[in-house]
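Each remark here refers to the structure printed beneath this line.
2 protein chains.
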Amino acid sequence: MTDYRTLRVALLGAGAVGSQVADLLLKHGDELADRAGAKLELAGIAVRNLDGKRDADLPRELFTTDAETLIVGSDIVIELMGGIEPARTQVLHAIASGADVVTANKALLATHGSEVFEAADQVGAEVYYEAAAAGAIPIIRPLRDSLAGDRVVRIMGIVNGTTNYILDRMDTEGADFADVLAQAQELGYAEADPTADVEGYDAAQKAAILASLAFHTTVPLDAVHREGITSVDAAMIESARHAGYVIKLLAVCERLTADDGSESISVRVYPALVERTHPLASVHGANNAVFVQAEAAGDLMFYGAGAGGVQTASAVLGDVVSAARRHIAGGVGVGESTRANLPAVPIGHVITRYQITLEVDDQPGVLATVAGILSEGRVSIATVEQTVIEASVGAAASTGSATEAEGSTIGAGSARLVIGTHKAREQDLSETVERLAASGVVERVVSVLRVEGN
Amino acid sequence: MTDYRTLRVALLGAGAVGSQVADLLLKHGDELADRAGAKLELAGIAVRNLDGKRDADLPRELFTTDAETLIVGSDIVIELMGGIEPARTQVLHAIASGADVVTANKALLATHGSEVFEAADQVGAEVYYEAAAAGAIPIIRPLRDSLAGDRVVRIMGIVNGTTNYILDRMDTEGADFADVLAQAQELGYAEADPTADVEGYDAAQKAAILASLAFHTTVPLDAVHREGITSVDAAMIESARHAGYVIKLLAVCERLTADDGSESISVRVYPALVERTHPLASVHGANNAVFVQAEAAGDLMFYGAGAGGVQTASAVLGDVVSAARRHIAGGVGVGESTRANLPAVPIGHVITRYQITLEVDDQPGVLATVAGILSEGRVSIATVEQTVIEASVGAAASTGSATEAEGSTIGAGSARLVIGTHKAREQDLSETVERLAASGVVERVVSVLRVEGN
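If you read the sequences in order, they're chains V and W. Residues 1 to 454 (full-length UniProt numbering) are what the first sequence spells out, left to right. Residues 1 to 454 (full-length UniProt numbering) are what the second sequence spells out, left to right.
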């Protein structure tokens, strides 16, 4: 074997990902050395509890509770503790000690990314985080490097496996949210406390990271509009299917250009309608995918496992090899490219299409009233479908074109109106929906969903 | 604007890709400078003919026929001439002059890659080639960097847009190869001389590049088994559809492990049957996709435009920004990782599944004879379907399970046997097919196709 220089690697955390990283580092040491051009010596694994249960059988003597000391003298520090503290302190300590950092910590990067990257910049260190945005899917390097000569226009990502699993099961089985969530928890696809996933917090952190990279701009987490999937029910899924859509929790990162040429960005996470023919519609189970539209490259899609211990370990080890190559090659870290400084707009400025589902009085003139309110609110109607849900005569619900339904309906029951809009401004849309709700002819606003995918 | 250091960029070639690269470099100069941390000055464009027609409106004073002089003093040389010479000489000249090289030249890299990479290694230069393997799709960095800590087991790539366009049209329209090819030529999807595409030469070059990266091994072009799509006809496509498959020209790069643990690789390009539920089956038109299976990361797919001037220019400019960042950061090139040195096996050693279509005498005992020959040849049958194609009694062709058909057929017409095999060794398979052809009961071997996708 070639006589390589040895690099000292410190691992912080030995959870699902950490123990796989340690296992693979030990098992494939020679092969990794050949690729990195350096021997990667696992100097130690810092954990909170020495007697914790691990997913892999690892040498006991590697474990320590003293992360601080382990970090000193390390060339590469792998941070897989998760959470903000003590991860933040240890990462800054590692950078100050002269180490490169590899992390999968999306919470840390989404909230303290600037602090971490600036600290690294100042000492010429590098921070690698391929595992932080979409698990095993290589998306950081494509955005940061491969597309660095292009202009990303839009990203639509399925970046949370738990919610995609839940929505996919709801779609294929017609099951309700609560039932599928309970099953997902049993199978280990969802945490006992599923808030971070189902309320979109996890996806919002990843959206902030992806948008920062894609638009070369620091995107703070609180600039990300976030809605979860807890309000999605079986009826909405069925209605989406009927209209040729599937509901996906999307992270949308978009470049907006004003009439005067000035640019801004919008970053948002919400359940959205995606056409069934769109590549994202066929992302099933707990898989992730990131769909990228760039001015020159056109449409690209990156697909794979978004989570999982060993899958995520693959991304972490790729970063470790990159860090090692850089140590051997010399040179300072290139840092993050954030010089574009594009402002993030509030959700009200977003322009997209919508599907509005209303329960209305089934009386003559109702559609005209609804259409009038939409038109006043600068929301243009693309499609309408009216369904009688409680006909005064006859038992079965019947569907017809809107004008037919309006002309032929006499009774005093309820009807369901599903309105597809052309592109509208979110603020116009939400004000219009409020006016609809208060109009007297609308019994209930059943749902308002964005339609994404152009 | 920040006061950046200026890097001198030389462009060789102003064809479809080259003129777009020049145009974008000039148009987005400030933005690219912010990303690269350096001003990218297009010093000149070397062409054969100063009066050639260009796809973009470029300043006349940039053009020169003297590539040699343009290269000297350049920091980054972009080679987009294509072909082996004079590209090879100019690339080596650029490296010797101290420049980093960005190239989209798959022919050069597949045939003289080692020479180019070694020359770069010796002077600490770097060679970037994101555009050489799958156009705009970022696949080089994911394989080289993101998956550097993992073990790639297999790649299945649709890496030639022309052949995918032809096969997709044949599949959706039931059209014949020659007709679709003629249309593709009219529409500009195929060259006047389509040999490089339809005979698989282009895909074979890309397969060599992908396999070299994925397996950290130098894969010479002549180690790639290559078959084109000219023998694929409408009947084969229809028969594939009937069995739940679609025919795709695949570049397959596979890691093989022998019983004693020793490893080798197989790299091959041929039209193969892919199940219609496989992600690769939904890659339509001239699009490309690379499906990667890795030990830890699992299944990944990268999808996008595989060709096109402006799309490919995106990948080239990403490399230019990377090269510029490296110039600013300092440090030597990290070179290619080829230390695994895995031998490439001949096609005969490949193990995969097959679909064999035979025309046989429609007589009792024929299936038994065929099955016997397969069994002797160590080819195990998974499925059989027999169709009477010239019944001695009755007009319409009838399909039945094999045993039924064999038992009930009396006449002296012909039958079609479609045999799906379990995994078999290619050499066993081809010897068996030869024995079948010579057996007396087989009138014609209609087709033998590999089935890929596990």
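Think of the CB as a built atom: it goes at the ideal place given N, C-alpha and C, for glycine as much as any other residue.
| Check | Outcome |
| --- | --- |
| Distance cutoff 8 angstroms, beta carbons only. Does P142 (chain V) sit that close to anything in chain W? | yes |
| Within a Cβ cutoff of 6 angstroms, which residues of the same chain sit near S447 (chain W), ignoring the five residues on either side of it in sequence? | M236 and T357 |
| Could you tell me whether any Cβ in chain W is nearer than 8 angstroms to the Cβ of P138 (chain V)? | yes |
| Within the same chain, show all residues whose beta-carbon is closer than 7 angstroms to that of V180 (chain W), passing over the 5 residues directly before and after it, in chain order. | I166, R169 and M170 |
| Within this structure, are the beta carbons of L249 (chain V) and T163 (chain V) separated by less than 8 angstroms? | yes |
| Report the neighbours of D145 (chain V) on chain W: residues whose CB is nearer than 7 angstroms to its CB, in chain order. | R141, G318 and S322 |
| Short of 7 angstroms Cβ to Cβ, which residues in the segment 334 to 367 of chain V face chain W? | V334, S337, R339 and A340 |
| DSSP three-state label for E431 (chain V), please. | helix |
| Since I believe L7 (chain W) is in contact with K39 (chain W) (beta carbons under 8 angstroms), could you give me their beta-carbon distance rounded to a whole number of angstroms? | 7 angstroms |
| Which of helix, strand or coil does DSSP assign to Y201 (chain W)? | helix |
| Does S314 (chain W) get closer than 8 angstroms to chain V when you measure Cβ to Cβ? | yes |
| Between the Cα of V370 (chain W) and the Cα atoms of W:L417, W:L342 and W:R325, which residue gives the shortest distance? | W:L417 |
| Going by the CB atoms, is the gap between V269 (chain W) and A207 (chain W) shorter than 8 angstroms? | yes |
| Whose CA, out of W:S266, W:A315 and W:Y303, lies closest to the CA of P346 (chain W)? | W:S266 |
| Compare the C-alpha of R339 (chain W) against each of W:R326, W:V219, W:E359 and W:V252 and name the closest. | W:V219 |
| From the beta carbon of V101 (chain W), is the nearest beta carbon of chain V less than 8 angstroms away? | no |
| Going by CA-CA distance only, name the one from V:A107, V:V127 and V:K106 that's closest to V116 (chain V). | V:V127 |
| Measuring alpha carbon to alpha carbon, tell me which residue in W:T383, W:H216, W:V360 and W:V451 is nearest L436 (chain W). | W:V360 |
| What's the call for R5 (chain V), buried or exposed, on a 16-neighbour Cβ count within 10 Å? | exposed |
| Can you give the beta carbon distance from residue 456 (chain W) to V91 (chain W), rounded, assuming they're within the 8 angstroms contact cut? | Residue 456 (chain W) is absent from the model: chain W starts at 1 and stops at 454. |
| Using the Cα positions of R151 (chain V) and S262 (chain W), report the straight-line distance between them to the nearest angstrom. | 45 angstroms |
| Thinking just about the alpha-carbon of each residue, which of W:L429, W:T352, W:S375 and W:A382 is nearest to the one in K423 (chain W)? | W:T352 |
| Since A289 (chain V) contacts M301 (chain V) with CB under 8 angstroms, what's their CB separation in whole angstroms? | 6 angstroms |
| Is F215 (chain V) close to chain W? Criterion is C-beta to C-beta, closer than 8 angstroms. | no |
| Near D66 (chain V), what residues of its chain come up, given a Cβ to Cβ distance below 8 angstroms and the 5 sequence neighbours on each side ignored? | A46 |
| Give me the Cβ distance between A22 (chain V) and A56 (chain V), rounded to the nearest whole Å; I'm assuming they're in contact under 8 angstroms. | 7 angstroms |
| What does the alpha-carbon distance come out to for the pair L70 (chain V) and I78 (chain V)? | 11 angstroms |
| Please report the distance separating the alpha-carbon of E31 (chain W) from that of L26 (chain V). | 43 angstroms |
| To the nearest angstrom, how far is the alpha carbon of V442 (chain V) from that of V379 (chain V)? | 17 angstroms |
| What span of residues does the alpha helix (DSSP H) with Y165 (chain W) cover, start to end? | G161 to E173 |
| Using a 10 Å radius around the Cβ and a threshold of 16 neighbouring Cβ atoms, would you call L80 (chain W) buried or exposed? | buried |
| Starting from L32 (chain V), find everything on chain W with Cβ-Cβ shorter than 7 angstroms and list it in chain order. | G149 |
| Output yes if chain W places a C-beta closer than 8 angstroms to the C-beta of A134 (chain V); else output no. | no |
| Examine chain W for any beta-carbon lying closer than 8 angstroms to the beta-carbon of M301 (chain V), and answer yes or no. | yes |
| Among residues of its own chain, excluding the 5 on either side of I84 (chain W), which ones have a beta-carbon nearer than 8 angstroms to its beta-carbon? | A107, L108, T111 and H112 |
| G228 (chain W) and E191 (chain W) - do their beta-carbons sit closer together than 8 angstroms? | no |
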